[in-house]
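Trainee:
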Amino acid sequence: MFIAKVIGKVVATQKAEKLVGSKLLVIKSINENQQFSEENALVAVDRVGAGMGDIVLVDWGDSLYEEAKLAADMAIVGIIDEIQMEGK
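Counting the sequence shown from 1 gives a position; my numbering is that position plus 1268.
1) Out of curiosity, what's the CA-to-CA distance linking ALA1280 and GLU1306?
2) How would you call MET1342, buried or exposed, if buried means at least 16 neighbouring beta carbons within 10 angstroms?
3) Can you tell me which of ASP1349, LYS1286 and ILE1344 puts its alpha carbon nearest to the alpha carbon of TRP1328?
4) Is LYS1286 helix, strand or coil when you go by DSSP?
5) Along the beta strand (DSSP E) that carries ASP1327, what are the first and last residues, could you check?
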């Protein structure tokens, strides 16, 4: 899992049958100080009702596909309210 910020949305009228009805969001990973990483933006299936600007918890990989039966390998699985770090 990793932490990311929602920076956009994807509108796709044609998509895999298992994605019909799913919201696709553009995300960019962030560090514990909420600074963007150098990585490219990614697209994830929203499973929790996230929106623009939300800090989210993202899961990816084969285990996600098997468990959620999604036609995607990346999904937003939580909306983060607060990040607490030791010593801060």
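Every residue, glycine too, gets a C-beta built ideally from N, C-alpha and C. All figures in this text were calculated on a predicted structure; none of them were measured in a lab.
Mentor: Quick look at the numbers:
1) Translated into positions along the sequence shown, residue 1280 becomes position 12. Translated into positions along the sequence shown, residue 1306 becomes position 38. Straight across, the Cα-Cα distance linking ALA1280 with GLU1306 is about 26 Å.
2) Translated into the one-based positions of the sequence shown, residue 1342 becomes position 74. Of the residues assessed, MET1342 falls on the buried side of the cut-off, its CB having 16 or more other CB atoms within 10 angstroms.
3) Here residue 1328 is taken as the residue at index 60 of the sequence shown, counted from 1. The closest CA to that of TRP1328, considering only ASP1349, LYS1286 and ILE1344, is found on ILE1344.
4) Taking the sequence shown and counting its residues from 1, the one referred to as residue 1286 is at position 18. It is helical.
5) Translated into positions along the sequence shown, residue 1327 becomes position 59. Counting along the chain, the beta strand (DSSP E) containing ASP1327 begins and ends at 1323-1328.
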